[in-house]
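Here the structure comes first, spelled out in structure tokens, and everything after it is commentary.
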Amino acid sequence: MSDLELRALRKSFGSADIIRGVDLAVPAGERHAVIGPNGAGKSTLFNLISGAFPPTSGEVMLGGERISGRPPYEINRRGLSRSFQVTNIFHNMSVYENLRCAVLWSLGYRYTLWRSAAALKDAAERSREVLHLIGLDHARETPAGLLSYADQRALEIGVTIAGGARVILLDEPTAGMSRAETDRAVDLIRRVTEGRTLLIVEHDMGVVFGLADRISVLVYGEVIATGTPAEIRGDPRVREAYLGEEAA
Amino acid sequence: MLEIRDLHAYYGKSHILQGVDLDVGAGEVVSLLGRNGVGRSTLVKAVMGEVPPRGAIRFKGHWIAGLPNHRIARLGLGYVPEHRDVFPYLTVRQNLQLGVKNPRRPGKWRLEQMLDMFPNLARRADSPAGVLSGGEKQMLTICRTLMGDPDLMMIDEPTEGLAPLIVRQVGDLIAEIARAGVAILLVEQKLSIALDISHRVYVMGHGRIVFEGTPAELRANDGVRREWLEV
Amino acid sequence: MEVVVFSLLNGLLYGLLLFMLSSGLTLIFSMMGVLNFAHASFYMLGAYLAYAMGGQIGFWPALFLAPVLVGVAGALVERYGLRPVHANGHVAELLFTFGLAYLIEEIVKLFWGKQPVPYRVPDVLSQPIFTLFETTYPAFRVFMMVVALLMFGVLWLLLKRTRAGLMIQAALTHPHMVGHLGHNVPLIFMTVFGIGCALAGLAGVIGGAILVTEPGMAHSLGPIVFVVVVVGGMGSLTGAFVASLLIGMLQTFAIAVGASIGDLLRLVGIPVAPHGELTGITLAQIAPMLPFLLLVLILIFRPRGLMGARET
Amino acid sequence: QTVKIAYIDPLSGPFANVGDQGLKHFEYMANKINEAGGIAGGKKVEIIGLDNKVDAKESLIQFQKAVDQGARFILQGNGSSVAAALVDAVNKHNRRNPDQRVLFLNYAAVDPVFTNDGCSYWHFRFDADADMKMEALTNWLAEQKAIKNVYIIGQDYSFGKAVAAAARSMIAKKRPDVKIVGDELHPLGKVKDFSPYVAKMRAAGTDLVITGNWGPDMSLLVKAAADANFNVPILTYYGGGLGAPTAMGSSAVDRVKQITEFHENVEGAPAALMDDFEKKTSYDLYYWRAKTLMEMLKAAADKAGSTDATAVAAALSGLEHKTELGTVTMRTDNHQLLQPLFISTLSDKVARTVEGTTLGFKTDYRIEADATRTPTTCKMERPS
Amino acid sequence: MTAIDRALPAMRPVGVRSSPLAAVAPWLLGAAILLALPFVFPSRTGFTIMNAIGINVVFALSYNMLLGQGGMLSFGHAVWFGLGGFAAMHMMVAIDKLALPVPVFLLPLVGFAAGLLAGAVLGWPICRRAGTPFAMITLGIGELIAAAGLMFVTVFGGEEGIKGDRVVGPMLFGLDLGPQGGVYWFIAFWVFAAALAMWAFTRTPLGRLSLAVRDNPDRVPFIGYDPQRVRYLVFMVASGFAGLAGGMAAVNYEILTPQIFGALTSGNVLLMAFIGGLGAFYGPILGAVLIVLMQSMLSDYTEGWQLYVGLLFMGLVMFAPGGLASMVEGGARAVRRGDWRERAPAWASGALAFAVLAAGIVLLVELAFRAHGGGALRLAGLTLRPGDAMGWIIGIALVSLGAGLLRLLTRRGHDGDTARPA
Ligand SMILES: Nc1ncnc2c1ncn2[C@@H]1O[C@H](COP(=O)(O)OP(=O)(O)OP(=O)(O)O)[C@@H](O)[C@H]1O
Ligand SMILES: Nc1ncnc2c1ncn2[C@@H]1O[C@H](COP(=O)(O)OP(=O)(O)OP(=O)(O)O)[C@@H](O)[C@H]1O
Ligand SMILES: CC(C)C[C@H](N)C(=O)O
Ligand SMILES: [Mg+2]
Ligand SMILES: [Mg+2]
């Protein structure tokens, strides 16, 4: 049964229709990539799913229950977490603090104000795991704002997955990375999303084809094709609308 | 046109640029390659004075190290920073208008022209730039700088987050800008374009220039490529 | 009838005075985002300078010179005081102006003492200009209204015609980027701040003569100017204008009506004791707090203010 | 050694100028006494100015400080609100520290309560209270048959309320025919423009205004009236000083009346003193009672041969004293000073002008000290 | 207004991994100081001022919860201080009138409850906004309550305020609250308790989250938290502690007036917190000490004290934006790194320059104040009259010298030297 499902999803800002009826079903544990031209509506789609703003019509189902229209924090508590295209972390806080804040709710601490955060063994442990997973042990106490771009992107992913969400949305995680960093990032993503449902937006075809089980192509707010990497590569419309000659 | 000699730059205590020499001739397209975090952005930032530079920087015969950035810009040095600094509350059109240095003496690049070149921007001309898609922001920043018609443009990661098709477009645009006689210092990740459009390339590693030559020479030189660019 | 007319006139007058005061702040606060708590102090400075110069060179030259001087003072403050502080953000700026307010008040006391000074307008202006129900209306008040309207017009053009507005807005989020595009951000900020202060000064030249010129005058007008700007809506001159008039009218009419809360309740059919603690309070007494009530309500229900472009 | 006297009044904020004026008066008078050889056998007196911003709480902080610095005499006047707090504080203090008692010498806070239900043995008032003054004003009103509609406006605190109450009851008694067309209280020191109030007064057909306003509240009121040339007579408590004259134009002439224990054109006012005072302080001599107070303090101390509060208090209560304007007496039953009062009118034809204007006051009436006596409900417990 | 948040120095993750001893040490020190003070300053004046400081320490710390922790710039914190105070005051009166068996010693708890409650009620609409709108709402609420305070005479006592007597009801720990000295121990106890509680708060999950909200509120909803809710809770707690401080004030002063709600009080606490330094937990404590001392003592020495206060604020904001705390931190770091010897000269010369500058300014100001009416200025033997030029010349000389020195030092501070091959 599909973990994340979009039904006739629409979004318009004023007169501009950005998402024009998207249907999409991502089975549990699938790594699903969304590609498409700039301005096609990929990030908007993520914003709708994660609750940044409500859809104009249509609905989003998470594990069979309707989440569209709910505030982002509730959606996140239901096990869906997303990263941002423009790095969006807590710049003045240490890397470790970034992660610890990200795990607190999932461990059920909510708005606790009678226990010291430092004393929460499980939180500390989980944070350390993630810290190690994204390979930033050396920068534990560094204010996130001072990390190199690549490291900030890594932390972005860390913060996103720390809460142990079942469904992960990543928006262009490798944008602006050199080949070397990109490969590291892909490797990281593969590891952290092991056994989870992943929805990823990328412009780097290397990453997309390397990572995705299935791919959807979004063009001007509509999914023009969904299929395996092979199918997509073959699809003439996709070449014409998006890939150009490169993928050949 | 732009001469950089023994340039050093620091972030607090960490010594990022460790004596960089670099030249860009008039009308020349030069690419600056290297892995993440080696200091390419820092280099261009230092030129614009966003990071306090130590060393000698000369542009069109003026010593510009330490000048306020608006003076540098007015000398004809354009800069497109990484990470898309659009003015979120202004409309796309207003963003472009601010690119113009002096409304009374508009340069060779016209607003309409820009909008034609990028239909995405045309469509959003009057919505606040903050809502633009990642790629659209990228295009906007390039066009905006172009509006001030610079003689040399330093572009940091122009193709970051662009769809393959657009990447080509941007490549073409840069080529066209160059054809219009504007020199270009290009900070890039994507070897493909960089090597296609540039006359000379520098490769940077750990705050130093580790290779200088023509694209052809770089293609030939596996050693450098393997050590400083690929895994 | 009579009361209504005069309340209208007085409301208009007070409103316009408020606008003169806040127009400068609209530039400084809602465009540059500086919480300038010394704004009213520049207003006071204007009044005292006009008084001092008026003695030497006469009212009319002072009317122009005083604001200019205040403007220059403001520009200097921006250049050597606020600019270095700016990097540390708004709270720092705010505290700086806090201190500045103290400073200006003390300096005023140093030069002119703690007593109110006899700041008078030339006789031409103190002549009654027209008479309504045997109340004369001094020419000066009319003159003030004219000046206020002029200020509004000029500012409006200034903001429409120049790109300064755009640059400032852009610089608020990305100062460096604006610089990279070849615009001299510091200069713009200094100029705008100076103009803002000059406007406050002008308000002082006039307000000082209508009200009383004394060291406490800044203190007493302090927060209300912020109310005007915020209620009007950040970055909206027209908003500030409307808000000023609204508040002016609101307060004068509250006083004119003079009914007690009890009376009002009884009007709407709720019978209550006439002189209870709460019901005995008259609108006149409440008048001074109405602007702040308005402020709170606006911010809760319409945070962008009456005509604000963006949410504060 | 020196006898410290703490002066607790506003020295900053909207009422700063009022407080400063008082301070200068007492400092000047203190100097005179010191030059004349001090009190209680050669002790010098020293005035310590402490700023209370007309805030009761702040005043108590300053009171603490005063006592800490060894002051045993407290001067205060600006604001019956503050005075109320001080009376209470002094009582508490003298109860808790019988060995370092303190006297409260009140030179201007005229809410009658301090010499009636709220009276204290440790409190002495040297200004006529609101009722005494209102008696005089209403006596004048009683003869003005032309006046039919009276408008009362005051500051919203005990003093303003006291004035209003007195006016209402006394007018009802002396001029039942007069209509009170307005009875208004406005926040203390917050109103910036009184035009709306003036408009109201005019609309109500007012032909006499009675107000106890002081400081900016007074000056702004008369100014607004002048601007709207609203030319009815105004009976004031403080029209003669504290910044008010500066604010009123010549249009106020013959209309603004005040009830005080002194003004510079009173017959018998010592010209030399006034000149010297103006020269030294750049203020007019306004608080005549400052002189009276200091002289009586000296007299009491000398009589008691000590500056201990308890002793001085005993000597002070019931003390008689001669001044240039006549003999004054400190009532024993409620520690209220009885002194001659004057009703005077603003005029442009006077010998001495005020606050650098061309205007000054000329006497209409003199009310003898005894005539000002009012019944009191005071029952004070005296130290055994 | 992200600008406000941007403005704030990052609050260090207080001793995230520091050893328990390191965490306890400062508190032992604090307790020691509190115990020692009365013996160092045994005078009445000493107690009066120390009590005032104690109250403001708690008040300022509670304010820093808002600004330093939650990034909420409030111009109305006096409201909670005042409401807490009045609640306690009325309780005090009740204890007297109804002879309740409640020890006055515990009144701060009443204040806390009142502050918390008020914060919960009014805070609900207020916290719907952040940034400048929040700041402006608090400004409005402050003025509103201040004005209303004067109207509801039975609750707030109008201009006269509400008076109480603290030597009523049962004694606790046999402590007589009559004399100032007795009150000191009461204050000291609550200062310590409140500070400890507030420090603990910064360590709780909510405390940490509030930092995150201050830093980047837009990201918070995507890690499962509702930023508005976080702000609201922090706001409530801060209001509570402000109320507690108010309760302490009620007992100490035995009178409260509606002025307490005024912008002055709110402005003061903002100053204390910022001057002290928002970056460190103890910052506001330093601020409270400095400002109370200035306000209660400076005015005794000079007529122009407010002028100095103004200059000081401007100076501090310009040269020590991190507040007093940042200076302390700087010193501590240098000592830890052990390079304080190298830095000492720079500091010394800086201090010297400041001293010279200050001396000059003071001289000029004092002369100016004496210019009309005042007598001569006597210091260190020589007598300067505003009349003759001497004093002025010296003053100006000192000022220019000091300023010059400072410029020189700051110059050397910057590494802006850009080589220009000839
Ligand atoms: N709030 C908004 N108001 C108006 N238009 C908007 C808004 N948000 C997004 N848009 C528009 O919707 C379109 C889709 O934006 P989106 O960010 O989803 O594109 P994208 O697919 O992520 O592109 P990219 O790959 O460049 O990030 C863009 O043209 C953008 O201008
Ligand atoms: N604000 C900063 N403070 C401290 N260190 C920084 C800062 N910005 C960058 N750095 C460090 O400087 C080094 C160079 O940064 P720079 O941005 O120039 O790298 P780059 O070559 O542009 O690579 P990329 O932009 O692809 O990440 C990085 O290692 C980074 O960690
Ligand atoms: C100084 C005086 C004007 C004070 C006023 N009489 C009062 O009792 O409040
Ligand atoms: Mg996107
Ligand atoms: Mg870079």
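Chains as they are written, first to last, in the numbering used here: chain L, -3 to 244; chain F, 1347 to 1577; chain D, 3 to 314; chain C, 4 to 387; chain A, 17 to 438. All residues carry an ideal CB built from backbone N, CA and C; glycine is no exception.
* Taking all protein chains shown into account, decide if A:Asn72 is buried (16 or more other Cβ within 10 angstroms of its Cβ) or exposed. => Reading the fifth sequence from its first residue, position 56 is the one you call residue 72 of chain A. Burial call: buried.
* Residues of the region 173 to 190 of chain L with a CB closer than 9 Å to any CB of chain F: list them in chain order, please. => Met173, Ser174, Arg175, Ala176, Glu177, Thr178, Asp179, Arg180
* Asked: Given L:Arg3, which residues of its chain have a CB within under 8 Å of its CB, disregarding the five upstream and five downstream residues?
  -> Working through the first sequence from its first residue, we reach residue 3 of chain L at position 7. Hits under 8 Å: Asp19, Gly54, Glu55, Val56, Met57.
* Asked: Are any of the Cβ atoms in chain F nearer than 9 Å to that of D:Gln58?
  -> As a first step, residue 58 of chain D must be located in the third sequence, where it is residue number 56. By this cut-off, D:Gln58 is not an interface position.
* By how many angstroms is the C-alpha of C:Ala317 removed from the C-alpha of C:Ala272? -> Against the fourth sequence, residue 272 of chain C aligns to sequence position 269. Against the fourth sequence, residue 317 of chain C aligns to sequence position 314. Whole-angstrom Cα-Cα distance: 30 Å.
* Would the beta-carbon of C:Phe127 be found less than 8 Å away from any heavy atom of ligand 3? -> For the purposes of this step, residue 127 of chain C is taken as residue 124 along the fourth sequence, with counting starting at 1. Outside the cutoff, so no.
* Asked: C:Leu78 touches chain D at which residues, Cβ-Cβ below 9 Å?
  -> Here residue 78 of chain C refers to the residue found at position 75 of the fourth sequence. Here the premise fails: no neighbours, minimum Cβ distance about 18 Å.
* **Where F:Gln1443 sits in the DSSP three-state scheme** => By one-based count along the second sequence, residue 1443 of chain F stands at place 97. Helix.
* Asked: Name the chain L residues that come within less than 9 Å of F:Asn1466, Cβ to Cβ?
  -> Locating residue 1466 of chain F in the second sequence gives position 120, where the first residue counts as 1. Ordered by position in chain L, the residues that pass the 9 Å Cβ test against F:Asn1466 are Pro33, Asn34, Gly35.
* Give the single residue among C:His28, C:Glu30, C:Asp54, C:Gly41 whose Cα lies nearest to the Cα of A:Ser312. => On the fifth sequence, residue 312 of chain A is found 296 positions in, with the first residue counted as 1. Checking every option, the nearest Cα to that of A:Ser312 belongs to C:Asp54.
* To do: Kindly say whether C:Tyr10, judged by its beta-carbon, lies nearer than 9 Å to any beta-carbon of chain A.
  => Locating residue 10 of chain C in the fourth sequence gives position 7, where the first residue counts as 1. No, C:Tyr10 does not count as interfacial toward chain A.
* Asked: Name the chain F residues that come within less than 7 Å of L:Tyr216, Cβ to Cβ?
  -> Position 220 of the first sequence, counting from 1, holds the residue named residue 216 of chain L. The premise fails here: L:Tyr216 is roughly 10 Å from chain F at the closest Cβ pair, so nothing lies under 7 Å.
* Chain-ordered neighbours of A:Arg60 on chain C, where CB pairs are closer than 8 Å -> In the fifth sequence, the residue the question calls residue 60 of chain A occupies position 44. By Cβ distance, chain C contributes Gln67, Val70, Asp71.
* **Within chain A, partners of D:Glu108 - CB distance below 7 Å** => The residue given as residue 108 of chain D occupies position 106 in the third sequence. Correct list: Gly320, Gln322, Leu323, Gly326.
* Within the 9 Å Cβ cut-off, does D:Tyr104 reach chain A? -> Locating residue 104 of chain D in the third sequence gives position 102, where the first residue counts as 1. Yes, because at least one Cβ of chain A sits closer than 9 Å to the Cβ of D:Tyr104.
* Asked: Looking at the C-beta of A:Gly54, does it have a partner C-beta in chain D at a distance below 9 Å?
  -> Mapped onto the fifth sequence, residue 54 of chain A falls at position 38. Residue 54 of chain A is actually Pro in this sequence, not Gly. Closer than 9 Å: no.
* Which residues, in order along the region 134 to 155 of chain L, keep a beta-carbon less than 7 Å from a beta-carbon of chain F? -> Ser144, Tyr145, Ala146
* Is DSSP giving A:Pro300 helix, strand or coil here? -> By 1-based counting over the fifth sequence, the position of residue 300 of chain A is 284. In this structure, A:Pro300 counts as helix in the three-state DSSP scheme.
* At a Cβ threshold of 9 Å, is F:Gly1494 touching chain D? -> As a first step, residue 1494 of chain F is located in the second sequence; it is residue number 148 there, counting from the start. True, the Cβ-Cβ gap to chain D drops below 9 Å.
* Just the C-alpha distance for C:Lys148 and C:Val259, rounded to the nearest angstrom, thanks. => Within the fourth sequence, the letter at position 145 stands for residue 148 of chain C. Within the fourth sequence, the letter at position 256 stands for residue 259 of chain C. The alpha-carbon atoms of C:Lys148 and C:Val259 are separated by roughly 18 Å.
* C:Asn109 bridges to which residues according to DSSP? -> Along the fourth sequence, read from residue 1 onward, the residue named residue 109 of chain C stands at position 106. According to DSSP, C:Asn109 bridges with C:Gln79, C:Arg128.
* Just the Cα atoms here: how many angstroms apart are A:Trp201 and A:Ile276? -> Within the fifth sequence, residue 201 of chain A is the residue found at index 185, counting from 1. Within the fifth sequence, residue 276 of chain A is the residue found at index 260, counting from 1. Spanning the two alpha carbons is a distance of roughly 24 Å.
* Asked: So what's A:Trp439 in DSSP terms, helix, strand or just coil?
  -> The structure shown does not extend to residue 439 of chain A, since chain A is modelled only from 17 through 438, so no value can be given for it.
* Asked: Across which residues does DSSP place L:Pro51 in a beta bridge pair?
  -> Reading the first sequence from its first residue, position 55 is the one you call residue 51 of chain L. Its beta-bridge partners do not exist; DSSP assigns none.
* Asked: When you compare each of C:Ser347, C:Thr348, C:Leu362 to C:Leu354 by their alpha carbons, which one comes out closest?
  -> Position 351 of the fourth sequence, counted from the first residue, corresponds to residue 354 of chain C. First, the amino acid is wrong: residue 354 of chain C is Ala here, not Leu. Out of C:Ser347, C:Thr348, C:Leu362, C:Leu362 has the C-alpha closest to the C-alpha of C:Ala354.
* Asked: Is D:Gln287 close to chain A, meaning its C-beta is less than 9 Å from at least one C-beta of that chain?
  -> Residue 287 of chain D sits at position 285 when you count from the first residue of the third sequence. For D:Gln287, the answer is yes, since a Cβ of chain A falls inside 9 Å of its Cβ.
* Since L:Glu168 meets chain F, which of its residues come closer than 8 Å, beta carbon to beta carbon? -> Here residue 168 of chain L refers to the residue found at position 172 when the first sequence is read from its first residue. What L:Glu168 touches in chain F: Gly1480, Gly1507.
* To do: Return no unless some Cβ of chain D is closer than 9 Å to the Cβ of C:Gly163.
  => Position 160 of the fourth sequence, counting from 1, holds the residue named residue 163 of chain C. No, C:Gly163 does not count as interfacial toward chain D.
* Asked: Under a three-way DSSP split, which group does C:Ile64 fall into?
  -> One-based indexing of the fourth sequence puts residue 64 of chain C at position 61. Helix.
* Quick one: list the residues of chain L neighbouring A:Tyr241, beta-carbon separation under 7 Å, in chain order. => Looking up residue 241 of chain A in the fifth sequence gives position 225. Within 7 Å Cβ-Cβ: Tyr69, Trp101.
* Residues in its own chain within less than 7 Å of D:Val79 by CB, not counting five upstream and five downstream? -> In the third sequence, the residue the question calls residue 79 of chain D occupies position 77. For D:Val79, where only same-chain residues beyond five positions count, the Cβ hits under 7 Å are Leu102.
* Collapsed DSSP secondary structure at L:Leu130 in the structure displayed -> Residue mapping note: residue 130 of chain L aligns to position 134 of the first sequence, counting from 1. Here residue 130 of chain L is Ile; the residue named in the question, Leu, does not match the sequence. DSSP places L:Ile130 in coil when its eight states are reduced to three.
* To do: Using the Cα positions of C:Gly321 and C:Ala314, report the straight-line distance between them to the nearest angstrom.
  => Within the fourth sequence, the letter at position 318 stands for residue 321 of chain C. Within the fourth sequence, the letter at position 311 stands for residue 314 of chain C. Their Cα atoms are separated by approximately 13 Å.
* Asked: A:Phe251 touches chain L at which residues, Cβ-Cβ below 8 Å?
  -> Translated into the one-based positions of the fifth sequence, residue 251 of chain A becomes position 235. Going along chain L, no residue has its Cβ under 8 Å from A:Phe251, so there is no contact; the nearest lies around 13 Å.
* Return the residue from the list C:Phe364, C:Asp351, C:Asp336, C:Thr377 that minimises the CA-CA distance to C:Arg385. => Taking the first residue of the fourth sequence as 1, we reach residue 385 of chain C at position 382. Among C:Phe364, C:Asp351, C:Asp336, C:Thr377, the Cα nearest to that of C:Arg385 belongs to C:Asp336.
* Residue range of the beta strand (DSSP E) that C:Val153 falls in? -> On the fourth sequence, position 150 is the one that residue 153 of chain C refers to. Its beta strand (DSSP E) spans residues 152 to 158.
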